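Colleague: Chains U and S, in that order, are what the protein sequence lines are.
Converting from the first sequence to the working numbering requires adding 11 to each position, the first position being numbered 1.
Converting from the second sequence to the working numbering requires adding 3 to each position, the first position being numbered 1.
The C-beta atom is built at its ideal place from N, Cα and C for all residues, glycine as well.
It should be emphasised that the depicted structure is a prediction, and the values quoted were computed from it without experimental measurement.
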Amino acid sequence: MEGLFDFLREEGVEPRLLEGVKAFREAHPVADEYKNRIPVPEYFYYGNETWELALAALLAGKNLLLAGPKATGKNVLAENLAALFGCPTWDVSFHVNADAASLIGTDTYNGNEVVFRPGPVWMCAKVGGFGILDEINMAKNEALAVLHAALDFRRSIDVPGYDRIELQDGTRFIATMNYGYAGTRELNEALTSRFAVLNMPLIKDEDLVKLIARRYPDIDMKICGQLAKLYKELEKKAESAEISDSALDLRGLLDAIALMDQGILSGAALEMCIVNKTFDDYERKLIRDVIAARIPDDLTRDAVFGK
Amino acid sequence: MIKKQFTSNARRARNIIWNAAGDYDFEPPFMAFFPNGAPDHYYNMIIGLVRKWLDIDRIGRFFDSYTSDRRSDEFDEFLWLGLENCVYEKELVERPVMERLRRQRAEQFYIEQANMSRQQMEYQSMPVYTQQQARWAAVLGKHLPVMSPREKRMHEALCFAGDLDTDGLLQAMSEFLMTFFKYEVPRGAVSHPKRGGLLKSLRGGHRRKDHFLVRTGTGEGDHPKAVTLTHDGLGKFVPPTQEDEDYIRAVFGKSTLPESETEILNIDICTGADANCRVWVTKGEEPDAAYRDAADIIARRRHQRELNEKFCADNRAAVRSAVKSLSSGMETVFESYLKHLPEPSRAGRLAPEKVYRMPVLNDSKVFTKDGEETEREVFIDILLDASQSRMNSQEVISAEALIAAKSFAALNVPVRVSAFRSLRGHTVLEILKDAGDDDCRGICGYYAGGWNRDSLAIRLIEHLDDDPHMAGKQRIVLIMTDANPNDSVPVAEAGHLLTKEYDGAVAVSATEDAVRMLRSKGIMVGAVFHGNSSHMGDLHQIYGHSCVRIRKPSQLSQGLCDLMLMLMSRR
């Protein structure tokens, strides 16, 4: 994972924090059977202030709640953090019917015997991994109450009738929650107080340019700048609730560039990866107008990649 | 459909302008359209860029200064050619695509001209046409049209340079009109305006042409004869009298509440910001057309009902499909968030009282899990803003309310639909459909007129809690609003001699308090927003995150489902 360390050094992240991470890795070796759970990130998260806050919180033994609107890189940062700390991860995607059983484990029977089948949070606690609790605010508050003891100073999980386990020292939970114009829901106070909350900022213009350029080093920098501006304009339109945030998709923008790299004309690539993300015909017109005001629709691969 | 088409194109034009300006918090004073009604992408960008680079308010004021001149349309088009060149040069470095867009616009000009009918050509101003032709020919590198020396000078003068600031530009525009038309622009149009002056003048001047640049008013008046109510000013307020009450009774029908109860309500809820007001709850029964000038309004209400019914009948298929989609979406929401009834299962929560069944009866269903059935213990109140500002969309609003009511009714969820407006110091809540009514046709009686004192209407709905369908149920109030409360009855402040108008921040704050009060009583409140972007801040101040924005009827289903999901998830 030296690539990520080098990247953070280049970004100017406080060296003392990076030393702390190295010490953490040495103190918490991972068993071979769980090594395949350590993520290998495809994209790096840009924003050194956010990195520093997140690293400081995790090194201090805190759990982290990444809150922010769509496309702020919550999941990218969570994955990057787990990769940097070299920890196996258990991903839990929350939904409206998520309950205690789907987190901790459930009763089942084996022959005539009722037995406990461990869930992801239990496994994470036992192995000392990172639990990525994705869209935590989708679940009902009563389902999340079972996490309270695991997330606070007690650092334990007690399953009535079975066992009580202490969380391994390296166990951390990183939750993500989305909020935007439409809003989802607010987390209850008891749960929020057990996290250090990091409000994810929108990606800065210059970081977006760097992100694209790192992924596509051959890209013409003028086009790269225009694509970044296009994304920011869509972001502003979604913020103003003129369009839904369906088309506000950073992955979509990167995918469009990937298609251009394959020889698809810019118009078709952006249509496929950005415009068509929304299914409202009128909204598509608004998005096309924004694209037309930035990017010509007939840019070839050579024009985009300066070849 | 023409109206809808215009509205949708106008919104698209606004979006292009906002995007180019990088700012969504203003109502564009101009918009550009092609003769077929489609937005002119390039020129709308130019309008947005004028906002970005220059002081568009001062420029708008300049344009307004000559509206009384018979050549004003020509002046507009000449000056926009000049502005186009100026902001094009300013923006080109930052947005290289401008060069291509400009060429495309030039090509579009020739296509438009080729398709113009003889009659249209006759209406075309030839001096303007020559200048446009010269501009776009130059852009495309074509030969310039044959021009007189004066026209050539005009062509050169209209290439306003990209390094001009607002002052320089206004000077150039002023010189252009003086040099070529001997028109002297009033001094005030070039100098810095007094605060607030421009807004007033733009709102006052609403005119529309079939093509090219269109001056807009407040953005709400894209309907001929649109009316915007204005305050008469402070100090003229007289509390509602018996005569006002008689008028309200005659126009809206008798009160459904006994007189004593109405009196108690007036004392209980017409307090604070809503002091000096009165309330009136009605089902529109027994209006009195014989009372003075009530006949005219009663006739207009009847006519509007016919229009609403016709709109629903003409769009029967769309309404039916919207009801189907909304009720199925809503069913999913209820199933997800309302309490599931438990059912026996082979895995899940162990049910101790059933454990004996496993060894004795070899029955492995000794666990319980959430079943598919849910309880639907909710009561929905749909509250429609029926003020004058909704006048242009009465048919659409009544159709949307009808769709919502039918969808809830299809799920056996009791729903009551009411409209509110304020007139002559009375906030009138008109119940269009009671929870017990199977028939939803009463909703077509929706009619917009008067002010909207949202704070009092919201307080009032809380007190209408004696419906037998409400017993033991969670109340949810859904308000269809433009988040722009205002009323002619001012806010009286205790200890202050002067009163404040009930509008702007004062009215928003009063409505926010009313919503907070409702929530503190355990009633869920959500808003479906139909207004302008400029009121988004107010919307969030009043309703927090519990709101969705609907821009057209087809978004109602998704919007209402999202809103209900938000509300239910906070239970």
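Measure how close the beta-carbons of U:GLY101 and U:MET134 come, nearest whole angstrom, since I'm counting them as under 8 Å.
Modeller: With the sequence shown as reference, residue 101 of chain U is identified as Trp, and Gly is not the correct amino acid for it. Their Cβ separation, rounded to whole angstroms, is 6 Å, which keeps U:TRP101 and U:MET134 in contact under 8 Å.
Colleague: Hey, U:GLU63 and U:VAL24: beta-carbon distance below 8 Å or not?
Modeller: Yes, Cβ-Cβ distance for U:GLU63 and U:VAL24 is below 8 Å.
Colleague: Among the residues of its own chain, which have a CB less than 6 Å from the CB of S:ARG15, if the five just before and after it don't count?
Modeller: Only PRO42 meet the Cβ criterion.
Colleague: Taking 8 Å as the cut-off, does the region 173-181 of chain S touch the region 78-91 of chain S (at least 3 CB pairs, one atom from each stretch)?
Modeller: Enough Cβ pairs lie closer than 8 Å, so yes.
Colleague: Would you say U:THR119 reaches chain S, if we count a Cβ-Cβ gap shorter than 8 Å as a contact?
Modeller: So, interface residue.
Colleague: Is the Cβ of S:ALA577 closer than 8 Å to any Cβ of chain U?
Modeller: Missing from the structure shown is residue 577 of chain S; chain S here goes from 4 to 574 and no further.
Colleague: So what does DSSP say about U:HIS39, is it helix, strand or coil?
Modeller: Coil.
Colleague: Between U:GLU177, U:LEU261 and U:GLY181, which has its C-alpha nearest U:ALA82's C-alpha?
Modeller: Checking every option, the nearest Cα to that of U:ALA82 belongs to U:LEU261.
Colleague: With U:ALA186 as the anchor, note down where its beta strand (DSSP E) starts and where it stops.
Modeller: From DSSP, the beta strand (DSSP E) with U:ALA186 extends over 183-189.
Colleague: Closer than 6 Å by C-beta to S:ASN47: which residues in its own chain qualify, once you throw out the five before and the five after it? Chain order, please.
Modeller: Cβ neighbours of S:ASN47 beyond the five flanking positions: ALA16, ILE19, ILE20 and ALA35.
Colleague: Taking S:PHE78 as part of the alpha helix (DSSP H), name the residues at either end of that continuous run.
Modeller: S:PHE78 -> alpha helix (DSSP H) spans 75-94.
Colleague: In the structure shown, what three-state DSSP assignment does S:SER392 receive?
Modeller: Helix at S:SER392.
Colleague: State yes or no: is the beta carbon of U:VAL320 nearer than 8 Å to at least one beta carbon in chain S?
Modeller: As shown, chain U starts at 12 and ends at 318. That puts residue 320 of chain U outside it, with no answer to give.
Colleague: So, is U:SER104 buried or exposed, given that buried needs 16 or more other C-beta atoms within 10 angstroms?
Modeller: The residue is exposed, with fewer than 16 neighbouring Cβ atoms inside 10 Å.
Colleague: Does the distance between the C-beta of U:SER251 and the nearest non-hydrogen atom of the ligand ATP fall short of 7 Å?
Modeller: Annotation note on the ligand ATP: not contained in the displayed structure, which lists no ligands.
Colleague: Can you name the start and end residues of the alpha helix (DSSP H) that U:ARG166 belongs to?
Modeller: Counting along the chain, U:ARG166 falls outside any alpha helix (DSSP H), and DSSP gives it neither H nor E.
Colleague: With a threshold of 8 Å between beta carbons, is U:LYS81 in contact with chain S?
Modeller: Closer than 8 Å: no.
Colleague: What are the uninterrupted segments assigned as alpha helix (DSSP H) that are 4 or more residues long and contained completely in the region 497-571 of chain S, given in chain order?
Modeller: Taking only runs of at least 4 residues, the alpha helix (DSSP H) segments lying wholly in the region 497-571 of chain S are 507-523 and 539-546.
Colleague: For S:THR219, decide whether its Cβ has a neighbour in chain U, counting only Cβ atoms nearer than 8 Å.
Modeller: Summary for S:THR219: the model assigns pLDDT 44, below 50, so the residue's position carries little reliability, and this model does not support an answer.
Colleague: State the DSSP-derived secondary structure class of S:LEU57, mapped to helix, strand or coil.
Modeller: Residue state, collapsed to three classes: coil.
Colleague: What do you get for S:HIS538, buried or exposed, if any count of 16 or more other CB atoms within 10 angstroms of its CB means buried?
Modeller: Burial call: buried.
Colleague: If the cut-off is 7 Å on Cβ atoms, which residues from the region 252-269 of chain U count as contacting chain S, listed in chain order?
Modeller: Going along the region 252-269 of chain U in chain order, one finds ALA252 and GLU253 with a Cβ nearer than 7 Å to chain S.
Colleague: With a threshold of 8 Å on Cβ separation, who are the neighbours of U:TYR56 within its own chain once the five nearest residues in sequence on each side are excluded?
Modeller: Only TRP62, GLY84, VAL87, LEU88 and ASN91 meet the Cβ criterion.
Colleague: What does a CB cutoff of less than 8 Å around U:GLN237 pick up in its chain, not counting 5 residues either side in sequence?
Modeller: ARG305 and ILE306.
Colleague: For U:GLY263, I'd like the list of residues in its chain whose CB is within less than 7 Å of its CB, leaving aside the five on either flank, ordered along the chain.
Modeller: Closer than 7 Å at the Cβ level, and outside the excluded window around U:GLY263, lie CYS284, ILE285 and LYS288.
Colleague: At a Cβ cut of 7 Å, what residues of the region 39-60 of chain S count as close to chain U, listed as they run along the chain?
Modeller: So the close ones are HIS44 and MET48.
Colleague: CB U:THR311 to CB U:LEU276, shorter than 8 Å?
Modeller: Yes, the Cβ-Cβ distance between U:THR311 and U:LEU276 is below 8 Å.
Colleague: Taking U:ASP169 as the reference, which of U:SER204, U:PRO129 and U:GLY317 has the closest Cα?
Modeller: Nearest option by C-alpha distance: U:PRO129.
Colleague: DSSP on S:HIS158, reduced to helix/strand/coil?
Modeller: If DSSP states are grouped into helix, strand and coil, S:HIS158 belongs with the helices.
Colleague: Rounded to whole angstroms, what's the CA-CA distance from S:VAL420 to S:GLU266? Just pull it up for me.
Modeller: Each residue's alpha carbon lies about 23 Å from the other.
Colleague: Just checking: is the beta-carbon of S:PHE370 within a distance shorter than 8 Å of some beta-carbon in chain U?
Modeller: Chain U, which has a Cβ nearer than 8 Å to the Cβ of S:PHE370, makes this yes.
Colleague: Among S:LEU521, S:PHE183, S:ALA451 and S:GLN558, whose alpha-carbon lies nearest the alpha-carbon of S:SER151?
Modeller: Of the candidates S:LEU521, S:PHE183, S:ALA451 and S:GLN558, the one whose C-alpha sits nearest the C-alpha of S:SER151 is S:PHE183.
Colleague: In three-state terms, what does DSSP make of U:GLY172?
Modeller: Three-state DSSP puts U:GLY172 in coil, outside helix and strand.
Colleague: Are the C-beta atoms of U:ILE176 and some chain S residue less than 8 Å apart?
Modeller: No, its Cβ sits nowhere closer than 8 Å to a Cβ of chain S.
Colleague: Enumerate, from N- to C-terminal direction, the unbroken alpha helix (DSSP H) stretches of 4 or more residues contained entirely within the region 295-363 of chain S.
Modeller: The qualifying runs are 297-317 and 319-340.
Colleague: Take S:VAL322 as the anchor and find which of S:LEU521, S:LEU405, S:ALA422 and S:ARG308 has the nearest alpha-carbon.
Modeller: When each option's Cα is compared against that of S:VAL322, the closest is S:LEU405.
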